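Undergrad: Sharing a structure here in structure tokens format.
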Amino acid sequence: MLNEILARDSSYDWEDFLLLYKFALAEMNTKITILNEEFQLIHAYNPIEHIKSRIKTPESIKDKLIRKGYDISLENARDHIYDIAGIRIITSFTSDIYRLSDLICSIKGIRLIEAKDYIKSPKPNGYRSLHLLLEVPVFLSDRVEYLKLEVQLRTIAMDFWASLEHKIYYKFEKTVPSYLTEQLKDCAELANYLDEKMLSINEEIRKFRQ
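Numbering that gives the first Met the number 0 puts the first residue of the sequence shown at 0, with every later residue one more than the last.
Following this line, the structure appears as structure tokens:
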């Protein structure tokens, strides 16, 4: 099915192409929901605050292909754009991020292609998050297709900072004065400090209960 769509590569085929990624998101969302509910049942603890998912629009994919220097085609989109489908998982604590990452990567049929840990090694602007590039099987009536999907895991504090940073850059059309970028980086450090303190408090409460 995917090869047939790639062979046609006409305007309406973008909808068919992205439909497969919609299926991949549905597969992954179901697996993550099961993990979360199972974890809550066994450990009486819910590590996930909420989940967001999205699929890039054809226009966004085409713009990214141009920025990367590739011709606009479905084949290039499949081979070179790895975040066509994305899931963002928001957790309470940093420890939940790594716990969930291990659980997700151990799901049968899911293959980890690449992991980028921006928590242990933040971006220069202060951005923190764990990115997983996964290959997800999509079970169709006559075959199985394997599609790439990105999962981002971050705490509430990390997500709060990233959302506001994005809005600020959007208002300045990505040209933010240097003194503001320094302040944003300071805020990222404060968000990280908050994460560390809340994790420490949570660990103390856990020990107390035990």
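Backbone N, C-alpha and C define an ideal beta-carbon position, used for all residues, glycine too.
On a predicted model such as this, the values are computed, not experimentally measured, just so you know.
1) Please report how far the alpha carbon of Lys115 lies from the alpha carbon of Leu129, in whole angstroms.
2) Would you identify the three-state DSSP class for Leu139, choosing helix, strand or coil?
3) Alpha carbon to alpha carbon, what distance is there between Ser162 and Val137?
4) Going by DSSP, what residue range makes up the alpha helix (DSSP H) through Ser94?
5) What's the call for Ile33, buried or exposed, on a 16-neighbour Cβ count within 10 Å?
6) Give the straight-line distance between the Cα atoms of Ile54 and Cys104, rounded to the nearest whole angstrom.
7) Are the Cβ atoms of Ser59 and Ile86 separated by less than 8 Å?
8) Name the DSSP bridge partner or partners of Ala161?
9) Can you tell me the Cα-Cα spacing of Asp62 and Asp12, whole angstroms?
10) Can you tell me the Cα-Cα spacing of Leu19 and Leu133, whole angstroms?
11) Between which two residues does the alpha helix (DSSP H) carrying Lys67 extend?
12) Does DSSP classify Tyr168 as helix, strand or coil?
13) Excluding the five sequence neighbours on either side, which residues of its own chain have a C-beta within less than 7 Å of the C-beta of Met27, listed in chain order?
14) Could you check if Ser177 is buried or exposed, using at least 16 other CB atoms within 10 Å of its CB as the buried criterion?
TA: Short version:
1) Stepping through the sequence shown from its first residue, residue 115 is reached at position 116. Stepping through the sequence shown from its first residue, residue 129 is reached at position 130. One C-alpha to the other measures close to 6 Å.
2) On the sequence shown, residue 139 is found 140 positions in, with the first residue counted as 1. Correct three-state label for Leu139: coil.
3) As a position in the sequence shown, residue 137 is number 138, starting the count at 1. As a position in the sequence shown, residue 162 is number 163, starting the count at 1. Cα-Cα distance, rounded: 31 Å.
4) Taking the first residue of the sequence shown as 1, we reach residue 94 at position 95. Segment Thr93 to Cys104, the alpha helix (DSSP H) holding Ser94.
5) Translated into the one-based positions of the sequence shown, residue 33 becomes position 34. When all chains shown are included, Ile33 counts as exposed.
6) Taking the first residue of the sequence shown as 1, we reach residue 54 at position 55. Taking the first residue of the sequence shown as 1, we reach residue 104 at position 105. Looking at the two C-alpha atoms, the distance is approximately 21 Å.
7) Locating residue 59 in the sequence shown gives position 60, where the first residue counts as 1. Locating residue 86 in the sequence shown gives position 87, where the first residue counts as 1. Not in contact: Ser59 and Ile86 (Cβ atoms no closer than 8 Å).
8) Sequence index remark: in the sequence shown, residue 161 carries index 162 (1-based). For Ala161, which the question treats as bridged, DSSP gives no partner whatsoever.
9) For the purposes of this step, residue 62 is identified with residue 63 of the sequence shown, where counting begins at 1. For the purposes of this step, residue 12 is identified with residue 13 of the sequence shown, where counting begins at 1. Going by the C-alpha atoms only, they are around 17 Å apart.
10) Translated into the one-based positions of the sequence shown, residue 19 becomes position 20. Translated into the one-based positions of the sequence shown, residue 133 becomes position 134. Their backbone Cα atoms lie some 15 Å apart in a straight line.
11) Within the sequence shown, residue 67 is the residue found at index 68, counting from 1. Start and end: Pro57 to Lys67.
12) Residue 168 sits at position 169 when you count from the first residue of the sequence shown. In this structure, Tyr168 counts as helix in the three-state DSSP scheme.
13) Position 28 of the sequence shown, counting from 1, holds the residue named residue 27. Excluding residues within five positions, the ones whose Cβ falls inside 7 Å are Ile86, Val135 and Leu148.
14) As a first step, residue 177 is located in the sequence shown; it is residue number 178 there, counting from the start. Counting Cβ neighbours within 10 Å, Ser177 comes out exposed, since fewer than 16 surround it.
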